[in-house]
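In this note's numbering, the protein residues as written are 119 to 384.
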């Protein structure tokens with residue numbers, strides 16, 4: 119059985135410290151290996167005021183991702199991106215001052231085995247892990263293996279998650295709780311999901327751990343609205359669409375600065 123009394127790790131400590139100053143948290147996403155100099159985006163994210171950075175390990179069958187992230191994964195894989203190459207790129211980075219959180223599908227974890235996979239993440243300077251297709255009731259083993267390697271396994275909750283299960287997710291998640299704003303795949307949306315406010319309220323009944331809201335947050339106005347309910351936002355498709363359209367690190371720094379400003383105004 120997972121030890122649920124574990125003290126907070128570096129991701130949670132970092133996010134808590136920033137949240138407790140009244141700061142809205144911002145976690146942008148980039149698909150690893152998307153361009154030859156893709157790690158320059160991470161530097162731009164940190165410079166724009168990111169509080170954590172999510173790095174996606176591309177997978178050939180990303181079932182929870184919409185068209186934009188699927189395109190990004192296909193582009194990265196076509197360039198020869200792999201878990202080992204992406205982690206090697208990360209290991210060569212200087213300290214960005216914010217936690218790196220890797221996201222991927224469980225097949226890639228199983229390929230190497232949880233222990234070897236998490237050890238490789240830690241050597242690359244990664245301290246958080248999101249595996250969206252790993253059911254909560256099957257997560258105990260990976261949670262323990264990850265914790266032993268110094269990696270915090272983040273769990274996801276959706277508007278359809280029933281109350282008892284939501285309480286368990288809130289309790290077992292490490293680093294933060296990833297609140298999925300709507301039922302569906304990732305992707306830009308015209309408006310924030312109507313279920314977002316209720317979901318974050320439900321999550322907070324069971325934990326004081328930071329809650330980040332993702333899926334469909336695309337504009338400063340949406341980030342500001344999300345910040346009224348959650349501790350912060352995850353922004354993926356809106357970032358990757360710009361990368362696919364040719365935006366460079368400076369362009370992404372300017373875009374994220376508008377989200378940072380919106381969260382700070384809230």
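Just so you know, even glycine gets a beta-carbon here, dropped at the ideal spot from N, CA and C. Bear in mind the structure is a predicted one, so any value in this text is a computation, not a measurement.
- Would residue 129 be called buried (16 or more neighbouring beta carbons within 10 Å of its own) or exposed? Against the chain shown, residue 129 aligns to sequence position 11. Counting of Cβ neighbours within 10 angstroms places residue 129 among the buried residues, the total reaching 16 or more.
- Query: Under the DSSP definition of a beta bridge, which residues are partnered with residue 185?
  - Reply: Along the chain shown, one-based indexing puts residue 185 at 67. Partner(s): none; residue 185 has no beta bridge.
- Message: Could you tell me which whole beta strand (DSSP E) segments of length 3 or greater appear in the stretch 275-303?
- Response: Runs of the beta strand (DSSP E) spanning 3 or more residues and lying entirely within the stretch 275-303 occur at 295-298, in chain order.
- Message: For the pair the stretch 236-243 and the stretch 277-297, tell me if three or more CB-CB distances fall below 8 Å.
- Response: With the cut-off at 8 Å, the stretch 236-243 and the stretch 277-297 do not touch.
- Query: Given that a residue counts as buried once 16 or more other Cβ atoms are within 10 Å of its Cβ, and exposed if not, what is residue 368?
  - Reply: Position 250 of the chain shown, counting from 1, holds the residue named residue 368. Residue 368 is exposed by the Cβ-count criterion.
- Query: Which residues in the same chain have their Cβ closer than 7 Å to the Cβ of residue 201, if we skip the five residues on either side of it in sequence?
  - Reply: Taking the chain shown and counting its residues from 1, one reaches residue 201 at position 83. Within the same chain, Cβ atoms closer than 7 Å to the Cβ of residue 201 are found at 175, 226, the five residues on either side in sequence being excluded.
- Can you tell me where the alpha helix (DSSP H) with residue 209 in it begins and where it stops? Residue numbering aside, residue 209 sits at position 91 when the chain shown is read from its first letter. For residue 209, the enclosing alpha helix (DSSP H) covers residues 201-209.
- Message: Taking contact to mean 3 or more Cβ pairs, one atom from each stretch, closer than 8 Å, check whether the stretch 150-159 and the stretch 199-215 are in contact.
- Response: Output reads yes: the stretch 199-215 touches the stretch 150-159.
- Could you spell out where the beta strand (DSSP E) holding residue 171 opens and where it closes? Within the chain shown, numbered from 1, the residue matching residue 171 stands at position 53. Residue 171: member of the beta strand (DSSP E) spanning 171-174, first to last residue.
- Message: I'd like to confirm the pairing. Which residues does DSSP put opposite residue 59 in its beta bridges?
- Response: Residue 59 is absent from the model: the chain starts at 119 and stops at 384.
- Under a Cβ-count criterion, where at least 16 other Cβ atoms within 10 Å of its own Cβ denotes burial, should residue 132 be classed as buried or exposed? Here residue 132 corresponds to residue number 14 of the chain shown, with the count starting at 1. So residue 132 ends up on the buried side.
- Query: How long is the line joining the alpha carbons of residue 273 and residue 290, rounded to whole angstroms?
  - Reply: Translated into positions along the chain shown, residue 273 becomes position 155. Translated into positions along the chain shown, residue 290 becomes position 172. One C-alpha to the other measures close to 8 Å.
- Task: Within 10 angstroms of the Cβ of residue 282, are there 16 or more other Cβ atoms? Answer buried if so, exposed if not.
- Result: As a first step, residue 282 must be located in the chain shown, where it is residue number 164. Burial state of residue 282 is exposed, judged by a 10 Å Cβ sphere holding fewer than 16 other Cβ atoms.
- Message: Rounded to the nearest angstrom, what separates residue 143 and residue 169 at their Cα positions?
- Response: Your numbering for residue 143 matches position 25 in the chain shown. Your numbering for residue 169 matches position 51 in the chain shown. Computed Cα separation, rounded: 6 Å.
- Taking all protein chains shown into account, do 16 or more other C-beta atoms lie within 10 angstroms of the C-beta of residue 270, making it buried, or fewer, making it exposed? Here the question's residue 270 lines up with position 152 in the chain shown. When all chains shown are included, residue 270 counts as buried.
- Query: Thinking just about the alpha-carbon of each residue, which of 315, 261, 314 is nearest to the one in residue 293?
  - Reply: Counting from one through the chain shown, the residue named residue 293 turns up at place 175. Of the candidates 315, 261, 314, the one whose C-alpha sits nearest the C-alpha of residue 293 is 261.
- Item | Sub-8 Å separation of residue 248 and residue 288 beta-carbons | Along the chain shown, read from residue 1 onward, the residue named residue 248 stands at position 130. Along the chain shown, read from residue 1 onward, the residue named residue 288 stands at position 170. Going by C-beta atoms, residue 248 is not nearer than 8 Å to residue 288.
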